[in-house]
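Protein sequences appear in the order of chains G and Y. UniProt numbering applies: residue 1 is where the first sequence begins, and numbers increase by one. UniProt numbering applies: residue 1 is where the second sequence begins, and numbers increase by one. To keep things clear, I will list the structure first and then write my remarks on it.
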Amino acid sequence: MITELGRYPWTVYGLYTIQDAISATTTAGQLWFSNIAYLLIFSLLGGVMVYFSHQNLVLGPDAPGTLNYGIDEITPLEGQPS
Amino acid sequence: MSPLQLLWFLLLAVLFIGFFVLEGFDFGVGMATRLLAKNEGERKQLVATIGPHWDGNEVWLITAGGAMFASYPLWYASLFSGFYILFFLVLVGLILRGVSFEFAAHAQSQRGRDIWRWALFVGSVIPPFLLGMIFTAIIQPLTIDGKMDIYASLGEQVNLLTIVGGVAVTLMCFMHGLNFIRLKTTGALRLRAWAYNRILIWVLYAGAVVFALLVYVSTDFFVKRPLSSGIIIGLIVLAIVCEHFAILKDREGLSLITSGSALALVVILIFNGLFPRVLIAKEAVNSLLITQASASNLTLTIMTGVTVVLLPIALAYFIWAYVVFHKRVPELS
């Protein structure tokens, strides 16, 4: 955010402003749509991430059904006690 | 036109060909999780075939877009702004697909897994369909003003050729994915994929005829480049015939190569028809030419130098990933 707020009003410092760089063909409606859609999608993904983080914290690393289940099992050598 | 400009035009075609040939079967397998697989075990088997590869394959699209941005910034600017919503929806599809792998693995309930498998299906149908639409929209005359801005109306983005193009690319990706499934799985899934492709190849023949007719009618390919366009369309038909032969004889590797070739030839048809323009305008004087749209010679030189050094390394570890995971995925319980 620091770089993007700090660069205002330049896109390229001294040569090209943000006003010059705006695309003429994307309407405000299209920009609103994409911004809102991004907000919704990433809020959803963030929420899912929090949900799964909580789930994995509660289950622990070696519970059945988690991704690491079974990786650290030590298989005994022949004839050795397990 | 300088040699570097021509080289980067061709390299962009190569990158898009690489994307469709490689990510095409990832999209196809993603569609197959809903259309082919009947239970969670089969879906897991399908996801295991593309698990190590889908992310690297998607990078080809990002590289193609990035290379277009660097080597043809004016083409990138006009195209991506003119088709803003379509490209944005492609992105939404890719995001949905990308997270679905991770979240389906983490989900503890079958209902949770089903939700993310649906995300995988939707995210595997949307990108090839919309990219097919975009590619077949830019080969038709667009409304471009004197300042190289595309003001594509709804009718220029959604018309018969673009819809047929989107459906055709999605169908070809699905069949390409089924051929990949035949190559990379064992058991019931492989036989079912084989049966599907034996039927779908006839749909593809019909689609190819309709597509060729629409290209003849809606674009200037057969006015400006009749010989090369005709040859390439002939080669597409030949690739489909060879794919049919390979499917009937159950030659899995050959099926994959021929379906990939058909996808590659469609991209070649588009780039061949565009040349020497990159965007076609309704008034010919407003068409964007390669020489107008390219970056400076210094930029292209630097890009070429970097590519020559880094591309062999990238290709080497890319191929290595396929070699490491060459075994077939058996049925998973």
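Beta carbons: idealized from backbone N, C-alpha and C, even for Gly.
Assumed close pair residue i, residue j - CB separation to whole angstroms, cut-off 8 Å
i: residue 179 of chain Y; j: residue 259 of chain Y; result: 5 Å
i: residue 48 of chain Y; j: residue 329 of chain Y; result: 5 Å
i: residue 269 of chain Y; j: residue 233 of chain Y; result: 7 Å
i: residue 37 of chain G; j: residue 92 of chain Y; result: 7 Å
i: residue 129 of chain Y; j: residue 169 of chain Y; result: 7 Å
Within-9 Å CB hit, residue i to chain G
i: residue 82 of chain Y; result: yes
i: residue 138 of chain Y; result: no
i: residue 99 of chain Y; result: yes
i: residue 78 of chain Y; result: yes
i: residue 106 of chain Y; result: yes
i: residue 285 of chain Y; result: no
i: residue 69 of chain Y; result: no
i: residue 92 of chain Y; result: yes
i: residue 88 of chain Y; result: yes
i: residue 151 of chain Y; result: yes
i: residue 121 of chain Y; result: no
i: residue 339 of chain Y; result: The displayed coordinates of chain Y run from 1 to 333. Any statement about residue 339 of chain Y would go beyond what the structure contains.
i: residue 129 of chain Y; result: no
i: residue 103 of chain Y; result: yes
i: residue 240 of chain Y; result: no
i: residue 224 of chain Y; result: no
i: residue 126 of chain Y; result: no
Extent of the continuous beta strand (DSSP E) to which residue i belongs
i: residue 329 of chain Y; result: Counting along the chain, residue 329 of chain Y falls outside any beta strand (DSSP E), and DSSP gives it neither H nor E.
i: residue 279 of chain Y; result: 277-279
i: residue 12 of chain G; result: 10-12
Which listed residue (the options) has its alpha carbon closest to that of residue i
i: residue 95 of chain Y; options: G:57, G:45 and G:50; result: G:45
i: residue 192 of chain Y; options: Y:75, Y:225, Y:247 and Y:160; result: Y:247
i: residue 97 of chain Y; options: Y:29, Y:65, Y:305 and Y:148; result: Y:29
i: residue 256 of chain Y; options: Y:132, Y:26, Y:152 and Y:83; result: Y:26
i: residue 75 of chain Y; options: Y:268, Y:292, Y:57 and Y:139; result: Y:292
i: residue 134 of chain Y; options: Y:89, Y:45 and Y:238; result: Y:89
i: residue 122 of chain Y; options: Y:163, Y:143, Y:190 and Y:35; result: Y:35
i: residue 157 of chain Y; options: Y:83, Y:54 and Y:58; result: Y:83
i: residue 1 of chain Y; options: Y:232, Y:295, Y:316 and Y:50; result: Y:295
i: residue 299 of chain Y; options: Y:56, Y:67 and Y:311; result: Y:67
i: residue 141 of chain Y; options: Y:44, Y:161, Y:282 and Y:42; result: Y:282
i: residue 41 of chain Y; options: Y:104, Y:55 and Y:56; result: Y:104
i: residue 100 of chain Y; options: Y:112, Y:119 and Y:110; result: Y:119
i: residue 160 of chain Y; options: Y:132, Y:145, Y:310 and Y:309; result: Y:132
Buried versus exposed call for residue i [16 or more other C-beta atoms within 10 Å across all chains shown]
i: residue 172 of chain Y; result: buried
i: residue 53 of chain G; result: exposed
i: residue 14 of chain G; result: exposed
i: residue 33 of chain Y; result: buried
i: residue 147 of chain Y; result: exposed
i: residue 219 of chain Y; result: buried
i: residue 39 of chain Y; result: exposed
i: residue 72 of chain Y; result: buried
i: residue 8 of chain G; result: exposed
i: residue 184 of chain Y; result: buried
i: residue 267 of chain Y; result: buried
i: residue 320 of chain Y; result: exposed
Cutoff 9 Å: residue i Cβ touching any chain Y Cβ
i: residue 87 of chain G; result: Shown here, chain G extends from 1 to 82; a query on residue 87 of chain G therefore has no answer.
i: residue 11 of chain G; result: no
i: residue 26 of chain G; result: yes
i: residue 57 of chain G; result: no
i: residue 30 of chain G; result: yes
i: residue 50 of chain G; result: no
i: residue 15 of chain G; result: no
i: residue 45 of chain G; result: yes
Chain A contact residues for residue i, given Cβ-Cβ distances below 7 Å
i: residue 50 of chain Y; result: No chain A is present in this structure, whose protein chains are G and Y.
Residue span of the alpha helix (DSSP H) that contains residue i, given as start and end
i: residue 293 of chain Y; result: 290-293
i: residue 33 of chain Y; result: 3-35
i: residue 249 of chain Y; result: Run containing residue 249 of chain Y: none; DSSP gives neither H nor E here.
i: residue 133 of chain Y; result: 110-138
i: residue 59 of chain G; result: 28-59
i: residue 147 of chain Y; result: Looking at the DSSP string, residue 147 of chain Y is not in any alpha helix (DSSP H), and its letter there is neither H nor E.
i: residue 21 of chain G; result: 18-21
i: residue 63 of chain Y; result: 54-71
i: residue 189 of chain Y; result: 188-218
i: residue 100 of chain Y; result: 84-106
i: residue 168 of chain Y; result: 160-184
i: residue 49 of chain Y; result: 40-50
i: residue 3 of chain G; result: 2-6
i: residue 282 of chain Y; result: No alpha helix (DSSP H) contains residue 282 of chain Y, which DSSP labels as neither H nor E.
i: residue 154 of chain Y; result: 154-157
Residue i: CB within 8 Å of a non-hydrogen atom of the ligand COA
i: residue 290 of chain Y; result: In terms of ligand content, the structure shown is empty, and the ligand COA therefore cannot be addressed.
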